[in-house]
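Asker: Before anything else, here's the structure in question.
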Amino acid sequence: MSKPRSNECTGTGSPPPGTRAARRTFAHRARASGVASVGMRPGVAGSPSLASSGAVDVCVPRGGTSAGPRCGVASCGAATAWERARRTMGAMHMVRPTGRRGHRWPGGRLESALRGPMATHSAQSPAEDGDPLDREPLRLLVGPTASGKTALALAIAERAGAEILSLDSMLVYRGMDIGTAKPTRAERARVPHHLVDLVEPSETYDVQRWLADARLALADVRARGRRALFVGGTGFWLAALLRGLFEGPPVDRDLRRSIEERVRTLGSAAAHAELTRLDPESGGRIHANDTKRVVRALEVLEQTGRPLSAWQREWGGPAGPRERAARIVGLQSAGELLSERIRQRTEAMLDAGWREEALAVRADPGFGPGAAQALGYADVLAWADGEIDRDAARDRITQKTRRFARRQGTWYRKFAIDWRSAPVGTASPELGGEVLRALAWDGPGMR
């Protein structure tokens with residue numbers, strides 16, 4: 023094998039990431055290539071990529087790192103790095119890099135080192151890469167909060183021999199059971215549940231960690247010959263599951279340190295206010311105490327000259343990545359029925375001890391940035407602290423939950439969902455049969 027050129031592993035003419043030269047070329051490349059091509063693999067019909075457009079000249083696989091495999095040339099050290107990473111992460115997540123330009127190197131826990139404007143964990147990795155999410159169509163049951171997904175999911179999972187994988191960003195927190203409407207112990211005894219009670223409320227847990235955990239859970243379920251059903255309503259996590267995870271430009275360490283210092287000087291509230299002024303959409307979505315995400319949003323804005331929200335909209339639009347194969351069934355009810363169900367459920371949760379639960383979490387271990395965004399906890403604590411009375415807390419929570427259900431509908435419009443109408447909270451055998459047929463689980467041999 024011929025000796026590779028000195029620049030072969032990093033891309034001819036491409037400056038190393040994080041250098042001033044890389045920063046200078048970043049915005050130019052973004053403008054020259056056009057963001058509509060972001061995240062597409064070379065060779066996918068109808069999906070032009072940055073690599074194929076000439077805007078990026080790299081052979082770094084998707085998901086690789088500066089220490090990980092960069093090409094298929096044995097003498098460049100990729101084989102050694104691959105073996106080391108494979109031993110660290112486990113064979114299930116790793117495949118040997120092929121050397122194809124732009125080829126994805128699986129392993130979502132590794133930081134991307136793409137030289138182009140956008141680095142992603144793409145949803146387009148081929149099935150032979152070994153990603154459990156790509157081996158066969160996913161099955162999902164989605165719907166707005168309080169629509170009765172839990173009861174229906176339990177009924178069809180029992181009939182289909184399936185296990186439930188949570189698609190809810192708040193069910194990952196231990197001790198937050200009543201306020202998140204977490205499936206009860208009895209319900210979880212009926213059907214095994216995964217991706218529930220993963221971390222303490224004080225910990226940071228994001229969609230990237232969830233995707234890694236989802237891969238492990240899905241592989242485990244299928245390895246035991248069981249079916250897997252994703253159930254939940256978190257739209258952003260649904261998008262990440264089906265389309266891959268948008269990450270933005272490569273991290274510029276010098277720029278990040280500068281922004282982190284600025285945020286420390288300003289304070290979290292002032293830094294969040296600055297983000298909201300510059301990027302209102304991101305500011306509205308990111309909690310003021312979530313300093314890590316505030317820093318990242320400001321970093322992308324300064325590095326590219328465009329708001330993070332603009333990049334994310336294009337990533338999720340028609341020019342974004344193709345979706346993973348999936349059968350998605352949605353459960354919906356008439357607006358007035360759902361609204362009344364939300365009011366009744368809120369009342370029942372308060373009666374069940376939500377106030378005491380919120381006080382216990384606040385005392386130990388405390389609410390981290392993620393858990394603090396859970397609906398209703400701030401209002402319950404305001405009641406506990408004597409700032410408002412119980413009725414005011416109930417009314418606030420009911421109103422916020424109704425608005426949240428409407429926002430969920432906005433996310434769902436981005437996907438091809440087979441909607442089923444049913445009275446809220448019911449799980450009739452007829453409805454269960456409809457959903458099983460929609461999921462293609464009504465015949466022998468289906469998984």
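Per this note's numbering, the very first residue in the sequence shown carries number 23; after that it's consecutive.
All C-beta atoms, glycine included, are put in the ideal place defined by N, C-alpha and C.
(1) Going by the beta-carbon positions, is the gap between S191 and L353 smaller than 8 Å?
(2) State yes or no: is the C-beta of P166 within less than 8 Å of the C-beta of M198?
(3) Can you round the beta-carbon distance between R196 and V221 to whole angstroms, since I take them to be within the 8 Å contact cut?
(4) Apply the 10 Å Cβ neighbour rule to D386 and answer buried if 16 or more other Cβ atoms are within range, or exposed otherwise.
(5) Just tell me which of D440, G270 and L288 has its CA closest to the CA of R318.
(6) Apart from the five residues just before and just after P451, which ones in its own chain have a Cβ nearer than 6 Å to its Cβ?
(7) With burial defined as no fewer than 16 other Cβ atoms inside 10 Å of the residue's Cβ, what is the status of D413: buried or exposed?
(8) Ordered along the chain, which non-local residues of its own chain (more than five positions away) have a Cβ less than 8 Å from that of G68?
(9) On the three-state DSSP scale, how would you describe R161?
(10) Cutting at 6 Å between CB atoms, please list the residues of its own chain near G254, excluding the five before and the five after it.
(11) Compute the beta-carbon to beta-carbon distance between A203 and L217, rounded to the nearest angstrom, for a pair I have assumed lies under 8 Å.
(12) Relative to the C-alpha of E225, which residue among V351, G392 and D401 is closest?
(13) Could you spell out where the beta strand (DSSP E) holding D440 opens and where it closes?
(14) May I have a chain-ordered list of the alpha helix (DSSP H) segments no shorter than 4 residues that lie completely inside the stretch 384–450?
(15) Nearest-angstrom Cα distance between D156 and P445?
(16) How is A239 classed by DSSP in three states: helix, strand or coil?
(17) For the candidate residues A449, R349, A356 and R299, whose alpha-carbon lies nearest to that of L264?
(18) Compare the beta carbon distance of I200 and A374 with 8 Å and say whether it is the shorter of the two.
(19) When the Cα atoms are used, what is the spatial distance from A310 to L397?
(20) Suppose the cutoff is 6 Å on Cβ atoms and the five residues either side in sequence are ignored; what does the same chain contact list for G76 look like?
(21) If we ignore side chains and look at the alpha-carbon of each, how far apart do A380 and V194 end up?
(22) Take V243 and list the residues in its own chain whose beta-carbon comes closer than 6 Å to its own, dropping the five residues that flank it on each side.
(23) So which of R207, G266, G257 and A211 has the shortest CA-CA distance to A234?
(24) Consult DSSP for S188 and reduce its assignment to one of helix, strand or coil.
(25) Only counting the same chain, and skipping five residues up and downstream in sequence, which positions put a Cβ closer than 6 Å to that of F389?
(26) What is the DSSP secondary structure of A250, reduced to helix, strand or coil?
(27) In its own chain, which residues sit with a C-beta less than 8 Å from the C-beta of R459, not counting the 5 before and 5 after it?
(28) Over what stretch of residues does the beta strand (DSSP E) that includes L353 continue unbroken?
(29) Is the beta carbon of E209 closer than 8 Å to that of T172?
(30) Are the beta-carbon atoms of L174 and L360 separated by less than 8 Å?
(31) Is DSSP giving H309 helix, strand or coil here?
(32) Could you tell me the distance, in whole angstroms, from the CA atom of E321 to the CA atom of D440?
Answerer: This is what the structure holds:
(1) As a working note, residue 191 is residue 169 in the sequence shown. As a working note, residue 353 is residue 331 in the sequence shown. With a cutoff of 8 Å on beta-carbon distance, S191 and L353 are scored as not near each other.
(2) As a first step, residue 166 must be located in the sequence shown, where it is residue number 144. As a first step, residue 198 must be located in the sequence shown, where it is residue number 176. The answer is no: Cβ separation not under 8 Å.
(3) Mapped onto the sequence shown, residue 196 falls at position 174. Mapped onto the sequence shown, residue 221 falls at position 199. Contact between R196 and V221 is confirmed by a C-beta separation of about 7 Å, below the 8 Å threshold.
(4) Walking along the sequence shown from the start, residue 386 turns up at place 364. By the neighbour-count criterion, in which 16 or more other beta carbons inside 10 Å mark a residue as buried, D386 falls on the exposed side.
(5) As a first step, residue 318 must be located in the sequence shown, where it is residue number 296. Proximity to R318 across D440, G270 and L288 peaks at G270, based on C-alpha coordinates.
(6) Indexing the sequence shown from 1 puts residue 451 at position 429. The answer is none, since no qualifying residue turns up.
(7) Counting from one through the sequence shown, the residue named residue 413 turns up at place 391. With fewer than 16 other Cβ atoms within 10 Å, it is exposed.
(8) To locate residue 68, count along the sequence shown from 1; it is residue 46. Because G68 carries a pLDDT of 33, less than 50, the predicted location of this residue cannot be relied on, and the following value inherits that uncertainty. Setting aside the 5 residues that flank it on each side, G68 has no residue in the same chain whose C-beta is closer than 8 Å to its C-beta.
(9) Stepping through the sequence shown from its first residue, residue 161 is reached at position 139. For R161, the secondary structure class from DSSP, reduced to helix, strand or coil, is strand.
(10) What you label residue 254 is simply residue 232 of the sequence shown in a count that begins at 1. Result list for G254: S188, L189 and D190, in chain order.
(11) Here residue 203 corresponds to residue number 181 of the sequence shown, with the count starting at 1. Here residue 217 corresponds to residue number 195 of the sequence shown, with the count starting at 1. A Cβ-Cβ distance of about 15 Å is found for the pair A203 and L217, leaving them out of contact under the 8 Å criterion.
(12) As a position in the sequence shown, residue 225 is number 203, starting the count at 1. Closest option to E225, judged by alpha-carbon separation, among V351, G392 and D401: G392.
(13) Working through the sequence shown from its first residue, we reach residue 440 at position 418. Its beta strand (DSSP E) spans residues D440 to S443.
(14) Along the stretch 384–450, the alpha helix (DSSP H) occurs as fully enclosed runs of 4 or more residues at 399–406 and 412–434, listed in sequence order.
(15) Numbered from 1 along the sequence shown, position 134 holds the residue referred to as residue 156. Numbered from 1 along the sequence shown, position 423 holds the residue referred to as residue 445. A straight-line Cα-Cα distance of about 34 Å links D156 and P445.
(16) As a working note, residue 239 is residue 217 in the sequence shown. Helix, per DSSP.
(17) Within the sequence shown, residue 264 is the residue found at index 242, counting from 1. Selected option, being the one with the closest Cα: R349.
(18) On the sequence shown, position 178 is the one that residue 200 refers to. On the sequence shown, position 352 is the one that residue 374 refers to. Yes. Within cutoff.
(19) Counting from one through the sequence shown, the residue named residue 310 turns up at place 288. Counting from one through the sequence shown, the residue named residue 397 turns up at place 375. C-alpha separation (whole angstroms): 16 Å.
(20) Taking the sequence shown and counting its residues from 1, the one referred to as residue 76 is at position 54. Reliability fails at G76, whose pLDDT of 31 lies under 50, so the model's placement of it is uncertain and no value is given.
(21) By 1-based counting over the sequence shown, the position of residue 380 is 358. By 1-based counting over the sequence shown, the position of residue 194 is 172. Each residue's alpha carbon lies about 16 Å from the other.
(22) Within the sequence shown, numbered from 1, the residue matching residue 243 stands at position 221. Setting aside the 5 residues that flank it on each side, V243 is surrounded in the same chain by E185 and A250, each with a C-beta closer than 6 Å to its C-beta; the list follows chain order.
(23) To locate residue 234, count along the sequence shown from 1; it is residue 212. Per the Cα distances, G266.
(24) For the purposes of this step, residue 188 is identified with residue 166 of the sequence shown, where counting begins at 1. Here S188 sits in strand by DSSP.
(25) Position 367 of the sequence shown, counting from 1, holds the residue named residue 389. Once the five neighbours on either side are set aside, the close Cβ partners of F389 are P223.
(26) Taking the sequence shown and counting its residues from 1, one reaches residue 250 at position 228. A250 falls in the strand class under three-state DSSP.
(27) Position 437 of the sequence shown, counted from the start, is the residue given in the question as residue 459. For R459, same chain residues with a beta-carbon under 8 Å away, outside a window of 5 residues either side, do not exist.
(28) The residue you call residue 353 lines up with position 331 of the sequence shown. In the DSSP assignment, L353 falls within the beta strand (DSSP E) that extends over A348 to Q354.
(29) As a working mapping, residue 172 is identified with position 150 in the sequence shown. As a working mapping, residue 209 is identified with position 187 in the sequence shown. Contact flag set, yes.
(30) Counting from one through the sequence shown, the residue named residue 174 turns up at place 152. Counting from one through the sequence shown, the residue named residue 360 turns up at place 338. No, the Cβ-Cβ distance between L174 and L360 is not below 8 Å.
(31) Taking the sequence shown and counting its residues from 1, one reaches residue 309 at position 287. The answer is coil: DSSP assigns H309 none of H, G, I, E or B.
(32) For the purposes of this step, residue 321 is taken as the residue at position 299 of the sequence shown. For the purposes of this step, residue 440 is taken as the residue at position 418 of the sequence shown. Cα to Cα, the separation comes out at about 39 Å.
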